[in-house]
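Written out below as structure tokens is the structure these notes cover.
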Amino acid sequence: MVRKTVVVNPVKSKIVDMKLLADYFFLKLKRSNRTFIEKI
1 MVRKTVVVNP VKSKIVDMKL LADYFFLKLK RSNRTFIEKI
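For the sequence shown, UniProt numbering assigns the number 1 to the initial residue and increments by one for each residue that follows.
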């Protein structure tokens with residue numbers, strides 16, 4: 001079922017991947033900012 005939707009709608013899966021990447025980088029930034037504040 002999941003595979004079918006990915007094959008039929010590759011654009012949608014790409015958008016999901018982009019969202020996941022954005023969330024990942026946002027979390028990384030949050031973490032680095034927190035450590036930066038702690039260092040000061």
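The beta carbon of each residue, even a glycine, is placed where N, CA and C say it ideally should be. These numbers were taken from a predicted model, which means no experiment stands behind them.
As the crow flies, the alpha-carbon of ARG31 is around 11 angstroms from that of TYR24. SER13 and LEU27 have their C-alpha atoms spaced approximately 21 angstroms apart. When secondary structure is reduced to three states using DSSP, ASN9 falls in the coil class, being assigned neither helix nor strand. Per the coordinates, the alpha-carbon of ILE15 lies some 10 angstroms from the alpha-carbon of ALA22.
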